[in-house]
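Asks:
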Ligand code: ATP
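In this note's numbering, the protein residues as written are 1 to 445.
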């Protein structure tokens with residue numbers, strides 16, 4: 001059963017080193033979190049799993065890693081300067097500010113100002129002179145630099161539609177109302193794919209990507225029964241979208257968006273392109289006299305064609321919250337409680353713990369280190385040589401952090417070349433020959 005309240009998860013994340021409040025020793029900053037020793041491993045594993053399924057296991061997607069600081073023109077023509085806003089209200093009685101549609105119950109809502117639009121983008125200065133003109137934005141989504149690099153990627157890879165460009169990276173939003181731990185924060189990571197298709201085939205591709213993404217979430221341990229699809233109503237669609245389907249998840253605080261899958265039409269390539277009047281654009285874009293590139297392809301009749309874009313956009317931090325929530329189990333064994341994170345092994349921060357039964361026996365310790373190095377060299381992720389605490393405490397800790405197996409080295413190991421392998425989920429133990437250990441370990445993934 002998943003965690004029933006967010007407090008259980010927050011406590012586990014802090015206690016075991018997954019997630020800390022940022023700048024905690026100075027009182028913390030709202031909406032900013034730091035990922036600790038285990039959090040960084042979990043995060044990397046989720047990102048690797050996405051990258052593997054989107055880039056490596058397909059033959060029609062290229063990767064990209066673009067700059068975070070973004071030139072003003074990019075976010076002017078993308079529409080973000082004008083429309084990436086939330087309605088802000090002030091409460092004159094409690095003195096706080098809220099997003100107009102998210103005023104919490106503790107506010108009496110009696111003395112609220114009229115909503116005014118607040119732009120969510122962070123600005124920063126480029127270069128030593130702060131003249132108000134040479135600024136850049138911290139990107140509010142990773143997508144835009146994919147569009148501005150469209151021609152670079154096409155020219156350097158000879159790609160033609162349908163094909164995609166994927167990127168994982170930080171995004172920044174000066175959110176007015178923060179929510180539920182890492183659910184809504186001001187600095188977060190996104191895993192975004194812009195998949196370019198022939199106009200007219202966009203609706204089919206949109207459906208296909210919704211299906212593919214749900215399958216991926218299932219493989220990460222977020223079952224279909226915890227997900228809902230939400231078709232965003234026409235009057236709530238973002239300025240670039242023809243249709244958006246949100247994958248919603250039952251977070252501990254309620255059902256909310258985990259990933260958005262939008263049909264962005266030809267809006268973005270069209271907006272960033274020069275010579276727009278030669279492109280027969282379907283969407284309404286602002287005139288662009290600053291771009292020096294035509295972001296279009298030639299079709300089979302040698303006419304310019306601007307591909308439509310399907311965009312599956314998932315938040316890494318929300319993925320972490322959903323995956324931890326699903327993995328969290330509180331079990332009663334006889335009269336004792338056990339917390340266990342039943343993470344899919346490919347996501348576990350530690351893949352195996354190697355535990356010498358006697359921490360001060362040179363031969364046992366040397367053998368344990370030898371086994372650790374051997375399993376580590378297989379490249380499946382972090383294998384930990386566990387040299388503190390007693391065996392009971394070691395098992396408890398590794399259950400709580402989701403380590404799929406613990407391998408214990410004892411005197412028998414030295415005599416018979418066997419080890420004890422304990423399974424996290426069943427807690428069953430079996431004796432395995434060191435010669436077979438590599439296979440037993442690899443079979444987990
Ligand atoms: P919401 O309305 O819930 O704030 P959104 O519709 O603005 O989300 P998108 O612009 O579609 O979000 O961004 C794509 C994904 O990026 C979201 O599905 C979510 O997983 C993630 N994301 C967006 N904003 C945040 C945030 N402030 N903190 C954490 N993750 C975020």
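Glycine residues also receive a C-beta, built at the ideal position from the N, C-alpha and C atoms.
On a predicted model such as this, the values are computed, not experimentally measured, just so you know.
Label residue 427 either buried or exposed according to how many other C-beta atoms from any shown protein chain fall within 10 Å of its C-beta, with 16 as the threshold for buried.
Replies: exposed
Asks: Within a Cβ cutoff of 6 angstroms, which residues of the same chain sit near residue 294, ignoring the five residues on either side of it in sequence?
Replies: 273, 274, 275
Asks: Flag this pair as yes or no: are the beta carbons of residue 266 and residue 283 separated by less than 7 angstroms?
Replies: Cβ distance < 7 angstroms, so residue 266 and residue 283 count as in contact.
Asks: Do residue 317 and the ligand ATP come close, with the Cβ less than 6 angstroms from some heavy atom?
Replies: yes
Asks: Helix or strand or just coil, what does DSSP make of residue 346?
Replies: helix
Asks: Does the distance between the C-beta of residue 169 and the nearest non-hydrogen atom of the ligand ATP fall short of 6 angstroms?
Replies: no
Asks: Please report the residue range of the beta strand (DSSP E) in which residue 312 lies.
Replies: That run of the beta strand (DSSP E) goes 308 to 315.
Asks: I'd like to check one pair, residue 366 with residue 398: are the Cβ atoms closer than 7 angstroms?
Replies: no
Asks: Extract the residue ranges of the alpha helix (DSSP H) inside the stretch 199 to 263, only unbroken runs of 4 or more that lie entirely within it.
Replies: 202 to 219
Asks: Smallest Cα separation from residue 177: which of 186, 170, 171?
Replies: 186
Asks: Can you find a heavy atom of the ligand ATP that lies under 6 angstroms from the Cβ of residue 188?
Replies: If you check the C-beta of residue 188 against the ligand ATP, you find a heavy atom less than 6 angstroms away.
Asks: Taking residue 372 as the reference, which of 385, 364, 319, 362 has the closest Cα?
Replies: Nearest of 385, 364, 319, 362 to residue 372, Cα basis: 385.
Asks: Using C-beta distances below 8 angstroms, list every residue in its chain close to residue 438, excluding the 5 sequence neighbours before and after it, in chain order.
Replies: 374, 375, 378
Asks: Unbroken alpha helix (DSSP H) runs of length 4 or more, entirely within the stretch 128 to 204: which are they?
Replies: 143 to 148, 150 to 157
Asks: Taking the straight line between their C-alpha atoms, what separation do you get for residue 126 and residue 368?
Replies: 52 angstroms
Asks: On the DSSP letters alone, give me the boundaries of the beta strand (DSSP E) that residue 413 sits inside.
Replies: Careful: residue 413 lies outside any beta strand (DSSP E), inside the alpha helix (DSSP H) at 411 to 416.
Asks: From residue 10 to residue 27, what does the alpha carbon distance come to, in whole angstroms?
Replies: Each residue's Cα considered, the two are about 17 angstroms apart.
Asks: Hey, is residue 254 close to the ligand ATP, as in C-beta under 6 angstroms from one of its heavy atoms?
Replies: no
Asks: I need the boundaries of the beta strand (DSSP E) containing residue 119, first residue and last residue.
Replies: 116 to 119
Asks: Any idea what DSSP makes of residue 63, helix, strand or coil?
Replies: strand
Asks: Where do the N-terminal and C-terminal ends of the beta strand (DSSP E) with residue 71 fall, by residue?
Replies: 69 to 71
Asks: Quick one: does the C-beta of residue 241 sit closer than 6 angstroms to a heavy atom of the ligand ATP?
Replies: no
Asks: Could you check where the beta strand (DSSP E) with residue 49 kicks off and where it finishes?
Replies: First-last for residue 49: 37 to 51, but that is the alpha helix (DSSP H), not the beta strand (DSSP E).
Asks: Could you give the uninterrupted runs of the alpha helix (DSSP H) lying entirely in the stretch 315 to 395, keeping only those of 4 residues or more?
Replies: 316 to 327, 362 to 376
Asks: Thinking C-beta only, is residue 153 closer than 7 angstroms to residue 165?
Replies: yes
Asks: Given a cut-off of 7 angstroms on the beta-carbon distance, is the pair residue 173 and residue 70 in contact?
Replies: Contact: no.
Asks: What residues in its chain sit with their C-beta under 7 angstroms from that of residue 281, if we drop five residues either side in the sequence?
Replies: 266, 270, 306
Asks: Tell me the DSSP secondary structure of residue 286 in three-state form.
Replies: coil
Asks: How many whole angstroms separate the CB atoms of residue 355 and residue 401, which I take to be in contact at a CB cut-off of 8 angstroms?
Replies: Residue 355 to residue 401, Cβ: 14 angstroms. No contact.
Asks: Quick one: residues in its chain with C-beta nearer than 6 angstroms to the C-beta of residue 50, no 5 flanking neighbours on either side, listed in chain order?
Replies: 191
Asks: For residue 83, report the span of its alpha helix (DSSP H) as first-last.
Replies: 80 to 83
Asks: Ends of the beta strand (DSSP E) at residue 97?
Replies: 97 to 99
Asks: Could you check if residue 313 belongs to the surroundings of the ligand ATP, using beta carbon to heavy atom distance under 6 angstroms?
Replies: yes
Asks: May I ask which residues mark the beginning and end of the alpha helix (DSSP H) holding residue 15?
Replies: 6 to 16
Asks: Going along the chain, which residues of its own chain have a beta-carbon closer than 6 angstroms to the beta-carbon of residue 381, five neighbours each way excluded?
Replies: 351
Asks: Between residue 405 and residue 419, how many whole angstroms is the CB-CB distance? I'm expecting something under 8 angstroms.
Replies: Contact doesn't hold; Cβ gap of about 10 angstroms is too wide.
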